[in-house]
Structure formats: C-alpha cells, structure tokens
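Visitor:
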Amino acid sequence: SLLLAVHFYSSPRAAPLIPSTALGVLLLLLSALLAYAGIRRNPGNGSLLVPLCLTLSSFWSGYGVILILAGQGVLPTPGDARDALLPGLATFTLALLLLAMVGFLCGEPLLALVATATSLASGHEVALHYSSSLGPSAVACSHLLVCLLGGYFALGRILHLLTKGRVVLPGTEKKAQEQGWASTGNPLVAPGLLLNVLSASVFCCRLLGVTPRLFLGQVPWLWAAATYQLGICVLCYRAMDVLVATAFGFTSILKFAGGYSLLHPTWQPGEPSLPTPLLLVFSILFAVLALFLSLQSPVDGLYLLLFVTYCIALACSPRGFFAGGPQGVAVAIFVASALVALIHLYNVRAKAKIPTGQGAVRALLARSSLLKLREGPDLHAPYLGYSRYADAEILTYACSVLASFALTATGDPQAPLATVVIPWVVVAGGILKLLGGSVAFARGKTLESSAFILYAVMWIIWGLARFAGLHGTSRSFHAAVGIVAFMLFNIFVVFCSLFLSTAWFFYSLTFMLVAGSFLLDAIHALPAGYDIAASLIFGLVSFYCFLAALASSTLEGCCLPMGKPLAQLSGVGVGATRCPHLPARKASSVKRIADILRNGGTCGIPTDTVYVLVAACSRPDAVEKAHRSKRQAQDRPMSLWISSLKQLEPAKHLFTPLLWDFMEAAWPSPISLVIPRGEWVDFLGMKDSAKYVGTPQSVAIRIPDCSVTTHLIDLVGPIVVTSANPTGEADTTHHNQVYAKLGDKVDAVLCAGPSPENVASTVVDCTKIDTGNIGFFRVGIIPKSQAGVRDMSRAPVLILVLILVLILILVLILILILVLLLVLILVLILILVLILILVLILVLVLILILLLVLILVLILILILIQSTSVLQILEQVQKKHLVVPSSATCPTKGWEELQAVHNGVGRAALGELDPDSEHHTRF
C-alpha cells in the first residue's frame, strides 16, 4: 500500500517515480510474503486473517503482472490497462467489503478496517479510470490509511510477542477460539470462493459492457486465481477436506482453460474451439462431486451445480468463453460465489451459524440403513503415518479422465493450438496429477505415487509435443525411444499393481494402451481410431476408480470395490490383523496393553516425545525379545522408565541424597538421567536380562510427562524402553509407523495419532553428580513447565523503552503525514515534489532499519537473561544440601561459583565441609 500510495501521488508527473515494471515486481514479491503469512497462520482459531491475507495476495499478484505487462509495452494504450484492471479492481472492492462486514459483525474491527481501507482504495481506482476529476490523491490517501492500520496491527503483535502478552494495543490481542476446527468449518473455503468471483468477473464485465472485449490483459486475473486456487486445494488437503479440495482443483482447470482461450488470439487469429465431449464429461464429474458434497453441505453441493451448467453452456457454444451463454452463467457464478463466500466467512467466526442444511442431511442419513457418512478423527488417517494430508486420489483419477477424453479431440494438424487441449492434458493430466502423486508419496503410498508421477510426466511431455506444436508434422525416432522407456517403467508398475488391487492393475494396464498409441503415432503406424479407443478405455477405468475413491472417502458400507490383489507374496499383507491397534483415549485399551506386557509381549506406545517400544521389567523374556527385535547397537542401550519414585523406594538407600532429590526435582519431564548402575537394578526383577539395559557402568532412567504412559506403568510396573524404529533410522512420530517399521516384532500398538514432539528426550549424565558435575549426552526437549526463570527486574525498563520507541514512531508517522500533505499542496512544483518524496522514502527506510535493530536487541536481551532448566534444577538441589562452613574451618569462596558453567557442565566449588554430617556433600 505504501508503494501504491507513492505511485499514485507521483502519477500526475510525466514519468512516474516508480516505473510500472518495478512496481509490478515489488507487488509480486510482497504478495508472496502475504500468501506465506496466510498459510503459516493457524486456521484453527477461526480468525479472518487467513482469508484476508490470501485474498489480498491474489489481488496484488494479478495487479503486479498487469503492471509488468503495461511497463513492457504489451498493453500500449491507457485504455488497454484500464480494461485489464477493471475486473480485478471491481471484484476485490466487493470481496474486501464482504470481509470488512464480517469483521465488524464478528468482533475483529482492526482487520475489518484494513479490509475497508483497501476496498476504498480499489473503489477509488475504479472511479479514477472512469473520471479523472476524482484525482489520484484519493487513491493514495486510502492506501496511506491501509499503511497506518497495518503498521498499528503489526506493532501491536510485536509488542504482544516481546512482552509475553503484558503490553497489548487495543484491537490487536488474540482472542481465544471457543470452538474447534470441526465445528467452525474450513476457513480456506471462503478465499477459494472469492477467487471464483474474480474469474467470473472477467466474463461478467464483458457481458455487461464494462469492458469492450476479452483480451490478453485479463489473463493475469484468471491465471492468478487458478494458481492460488491450486494452493488452496493443497491447504484443503492439509485441512482434511477432500471434497472441497477436489472442487477447487476442478475450478482451477476451468480458469486455466479460460486464460488459454484469451491468450490464443495473440499468436493465431480467431477464437479457439473447445472439445465438446470433454466438456460433457467434465460436467458429469462436477455433477457427481456435487452429489457427494451435498451429503456434507447442501449449500455447497447446489453451488457446484452452477459449474455443471457452465460446462454444458461451453459445450453448446462454438465460441466457447467468448459466447454470451457461458458469460451469462458466469454472472450467476459471480453472484452465487459471493453469497456462499459470505456464508462461509460468517460461519467460521460467528457463534450463531447461518444454516447450510448440514444438520438436516445428517438427520436424514441417520434414519437410513444404507447410507452412512464417514466421520471421526481417523477418517483420513495417514497410510503409514508419514503425512497429515488427506488422500488426493479422487482428484488424481478425475484428472486422468479429463486427460484421456481430451485426447479424443481431433484438431487441425497444421494449427494444433486452435483446439483448447493443452489445459486439460498438461494442467489436469500433468500438474494436478503431480500434486496428487506428491500427496500420495507423503502418505507413504510408494507405488501409487510413483505411478501418478510417471503418468503426469508422460501427459506433460506428450501434451506439449503433440498439442503445442513442438512435435511438428514430422515424427522423430527420439520421441519413440522416450515413449518406449516410459512403457518399460509402466511394465514394472503393472507388475507391482498385481499385489495392490484389481482396479489398480487395470488402471496401469490400460495406460499401457494409451502409451502404445503414443508410440504408434511417433513411428507413423497409428491405426485409424486406435488412439480414441485406447483413450476411452483408460478414461472409463479412471472414472470407475474416481467413483470408488469418492464413495469410500465419503460413505461407510456403500463403497465400490477396488478389488483384492491378484497375487499375494508370502509375508506381504499378512499379520496386519494380528497386531491390534488400540486407541489411547480409552482406559480399556491401556488395560489391554498392560495385559499384553504382563504376558511377555512388546508394545509400541505414545509418550511425551516420540513413540517407543516397551517391555515389562518383570518379564525377562520380553526384555530379551525387545533387544532382539531392535538389534540394539551397543552405543544405544535400552533405558528404564518408572511412573513415580515410589517404585524405587525399596532401593532408596542405594542412592545418594543429592541424586535422589535431583531426580525428584527433574521428573516428570522429557529428561532422561544416566545414573550409576548398582544393586538397585536387581529390585526391578529383570534377572539375567538386565544385561540388555544400560551399560555395565550406568543406566538411563526417566519418568515420562505423559498421563497415558504413566498410567500404563502403574498397571505393569517399571518398563524397559527403546525407540520404535530400527537402529539408525529416524524416530517414529505416528502410531502407523510403528508396525510399518517393526512389523510382527511388535505385539500391539497404543494409538494416539501424531507425536506431540518430533525430538527425543534430553539425556543428562549424572554419574558424577556428587562431584558437582553433570554432562549432556543429547540435548532434546526442554520442558516448558521447567523453563528457565527470567530475570524480570529489567522488564519495567524494557517496557518503558518500548513505550518511548512507540511514541517516537507515532510522532514520526505524524510528521510523515504532514510531509505528504505538503507534497500534495506543492504538487505543481515537480522538482520539490521529487526531492520531498525521496527524503520521505529515505526517512521511512531509516525508521524501519532502526525498528528492526531495536527488535533484534530486545530479543537478544530476553534470550540472554534466561538460563538452562536442567542446570537450574541442579543448582536448587545443591542449595538444599549445601551448608556454608564457618571461617574457622575453611575459607568461603562465595555463591558466585555456583553459577559457573563451562562447556555444558555446571560446577560448584566450595571449601571442605564437615565430613561427619550425613547431609553434607562435597561438590
């Protein structure tokens, strides 16, 4: 906004202060940062910041590309720039007004003010393009207001972060969300719907006469909306909303196709033609998706029916996107998208929801014995626990359908670009399929991801070679060799799919037919109609897989079968039912795991860090079994866990008072203490298997800070613990990974979802604690409840400094406003205007640098005034056991030496103590 304010203040000059190309590049960079802020924001708190950031980012990116085109002479006349900017400006004026209205209604006034100011700036710019009497000053003032509001909000958040919530500016505080994600809905739906408004506005403006034509300058709005919708599609998979993610994937394909159609006249005269069969198939896919989506949200399902109508209108119009029929449907999509986006924005933040029919559908399905919706936290559980994304196979199969039916289009070989095939083959069959393969790989589906990525590369290469004119009318031997290589890879995929499912076998086998048609075309031996027949067969198989995946992810007990594996290898897939996976939230599950451990089994359980493999100390055979199953390395011995120090009470006399009190102060926590091995180990009942625990000199022991784990140890007694992964591999962070890594070597798994932490515990060497020395074998989790005590004596001074800095910044902002007003008054004196604006920019840069330096210094001060928690615990225990000798017996060296820390080891040195006192310890 500051860049645009300077741009519009200097726009009356013959040469703007910031060239259009430079301004466009800067806007693209800032839009990327704004999108990152929206993505990194946790959507679970229901804030409007996520849709605001994503909406503004898409606006600035499209705006920036148009400015670059204008600066490079692609849009030579002011009328071209105006016709290119108007659809986006009008859309974002409306979209930001909707965000502002919801913000005022739902108690987020500052975000609402930012949205209102940006909307006013867009509205003033629209008016400026139609009437120069308004002047650019109104636009610049609106952008300046956005700068002030954004700076105030950022300053409030920085103060809140640095002062730990003690200093909060009004309107910038974080409000606790009363309801979780499941009840508030997906906050990413609203920005995706607003992007549909943006793409529809391009065609609405043409139909309503706002813009005289459709041309190259409006493509950035369509492709920016499509690109951001692909990003929102990925985020919806992250939010476990499969159907909405699939819908946004579908609509993004339409936007890419529309942009391609508008771009086509720049290199070939005339309007491109659309493949009619493909659009009919696309309307069927939209209709099926709308049917399943209406089971979850009838409003969203009815909304998708508009796109069914849109595809049919495109199929019935020879001119495609340039015809009035599809543009009329685009007007309906514009209005409906705005209304549905308003509903989603309000329902995400407000307590009283606007009804969308979801409750009525659930009540209706509850009475039915045939249809039952899949619900619950394990609905989209990762295949092997490696990812928190939902399954993207629905979108991937649908893209296979679109790409295969796009091949049936018969275009002019002399003008291959005249038929709109590339968006369906390259974007749908290639880019979106790569997305689905990446998600499948993240979920641990190695074969499926390999096939999806292989097929996506094939669609991209062949689509560009054949339908973009890169292949030419002549055929090449090199292309045939490349296709043969793809077919060899696919033969391996077909063989592996024998062990996956029947549907997957036919899916990979029929793609071999498609690849065969590519090969025959490359060597001039393609029989008439073979490529169409092969594409139709592959498309029908893909459509069945699409229906099966859609039904299995939405409904229970009413799924189309994918079929059993056609072949079975010994050991593949067996044993999956022999290892029970029990939910940790149930007490009966913990009791069953305890029974298995008491009977000599080994189990994978969750902890306060990562998943571990455990065995009961009372069962020496189980301890030995755990050691054999891991092939434990000598430098990574197994450790002991207890639930409380009462389990070591019979052997308390074997521990020194200092060590006992140190254990009592440090636990429960993610801190493992390596203590000297002694006779106390015999009290645990491990007998001969004790040699597998620890080393001959020491044993690691811990009380975990996890209620489920400590309750299990209460039922079983002390347990032997090792990591739930083969030696040398990464830690296990999900219950599905336990069986995937250890297989039949584990007898049961207690399931608690993803680990709370991805780092193992801190391991402290306490073998020489009686000499005042501790060391660290591994620095892992530092428990927050035992975090270093801060020296808050400086807090008032820091707060005072911050307040003074804030006052200084506010004074500088007021001075800048006065300078800007002075520039506005003296705008006719061009030289003076230029000098003042340059000084203004220099002052702003200096202020920003000063503010960043101040923030870094404050952060360093706050870091330096806190100490390490483990050393503080040791110091407190040492003070408990320490008696300062009198000057008659030995000199006192002072308490300062207790603070000495060197290379991670705390040392304390005092004079000789009374050896007769049982509580005296020499450090």
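The sequence shown begins at 8 in this note's numbering and counts up one residue at a time. C-beta: ideal position from N, C-alpha, C; glycine also. In this text, all values refer to a predicted model and were calculated from it rather than measured experimentally.
(1) Is residue 309 closer than 9 Å to residue 297 when the C-beta atoms are compared?
(2) Could you check what DSSP says for residue 772 in three-state terms: helix, strand or coil?
(3) Decide if the region 404-412 is in contact with the region 277-294; the criterion is three or more beta carbon pairs, one per stretch, under 8 Å apart.
(4) Residue 622 bridges to which residues according to DSSP?
(5) Within 10 angstroms of the Cβ of residue 784, are there 16 or more other Cβ atoms? Answer buried if so, exposed if not.
(6) For the candidate residues 654, 777, 696 and 771, whose alpha-carbon lies nearest to that of residue 717?
(7) How many angstroms separate the CA atom of residue 450 from the CA atom of residue 396?
(8) Does the region 366-380 touch the region 215-232, meaning 3 or more C-beta pairs lie closer than 8 Å?
(9) DSSP on residue 344, reduced to helix/strand/coil?
(10) Helix, strand or coil, according to DSSP, for residue 741 in the structure here?
(11) Helix, strand or coil for residue 218? Go by DSSP, reduced to three states.
(12) Determine the contact status of residue 636 and residue 609, defining contact as a CB-CB distance below 9 Å.
(13) For the region 718-734 against the region 619-626, are there 3 or more C-beta pairs whose distance is under 8 Å?
(14) Tell me whether residue 405 is buried or exposed, calling it buried when 16 or more other Cβ atoms sit within 10 Å of its Cβ.
(15) With DSSP as the reference, identify every bridge partner of residue 588, one or two as the case may be.
(16) Just list the residues that DSSP pairs residue 610 with in beta bridges.
(17) Return the chain-ordered list of same chain residues with a C-beta closer than 6 Å to the C-beta of residue 560, the five sequence neighbours on each side being excluded.
(18) Tell me whether residue 635 sits in a helix, a strand or coil according to DSSP, three-state version.
(19) Tell me whether residue 689 is buried or exposed, calling it buried when 16 or more other Cβ atoms sit within 10 Å of its Cβ.
(20) What does the Cβ neighbour count give for residue 307, buried or exposed, with the cut at 16 atoms within 10 Å?
(21) Alpha carbon to alpha carbon, what distance is there between residue 768 and residue 656?
(22) Could you check whether residue 178 and residue 439 sit closer than 9 Å to each other, using their CB atoms as the reference points?
(23) Pick from 261, 650, 104 and 90: whose alpha carbon is nearest that of residue 216?
(24) Which runs of the alpha helix (DSSP H), 4 residues or longer, sit entirely within the region 431-458?
(25) Taking Cβ to Cβ, would you say residue 268 is nearer than 9 Å to residue 327?
(26) In terms of residue numbering, what span does the alpha helix (DSSP H) encompassing residue 226 cover?
(27) Specify the secondary structure class of residue 891 as computed by DSSP and reduced to three states.
(28) For residue 490, which residues from the same chain have a beta carbon less than 7 Å from its beta carbon, with the 5 sequence-adjacent residues on both sides left out?
(29) Can you tell me whether residue 628 is buried or exposed, with buried defined as 16 or more other CB within 10 angstroms of its CB?
(30) How far does the alpha helix (DSSP H) with residue 153 in it reach, from first residue to last?
(31) Quick test of your reading: residue 193 and residue 251, contact by CB under 8 Å. State the CB separation rounded to the nearest angstrom.
(32) What is the rounded straight-line gap between the Cα of residue 321 and the Cα of residue 568?
(33) Do residue 110 and residue 122 have their CB atoms nearer than 9 Å?
(34) In this structure, what does DSSP give as the bridge partners for residue 648?
(35) List the DSSP bridge partners of residue 426.
(36) To the nearest angstrom, report how far apart residue 133 and residue 292 are at their CA atoms.
Guide: Reading it off the structure:
(1) yes
(2) strand
(3) They touch, by the three-pair rule.
(4) 727
(5) exposed
(6) 654
(7) 7 Å
(8) no
(9) Of the three classes helix, strand and coil, the one that applies to residue 344 here is helix, per DSSP.
(10) coil
(11) coil
(12) yes
(13) Cβ pair count under 8 Å is three or more, so yes.
(14) Residue 405 comes out buried.
(15) The secondary-structure analysis by DSSP pairs residue 588 across a beta bridge with 756.
(16) 621 and 755
(17) 249, listed in sequence order.
(18) Secondary structure of residue 635 (DSSP, three-state): helix.
(19) exposed
(20) Buried: at least 16 other Cβ atoms inside 10 Å.
(21) 25 Å
(22) Not in contact: residue 439 and residue 178 (Cβ atoms no closer than 9 Å).
(23) 90
(24) 439-449
(25) yes
(26) 226-245
(27) Confidence is the limiting factor: at residue 891 the pLDDT is only 40, short of 50, which leaves the residue's position unreliable and the question unanswerable from this model.
(28) 522, 525, 526 and 529
(29) exposed
(30) 143-169
(31) 6 Å
(32) 34 Å
(33) yes
(34) 709 and 726
(35) 280
(36) 38 Å
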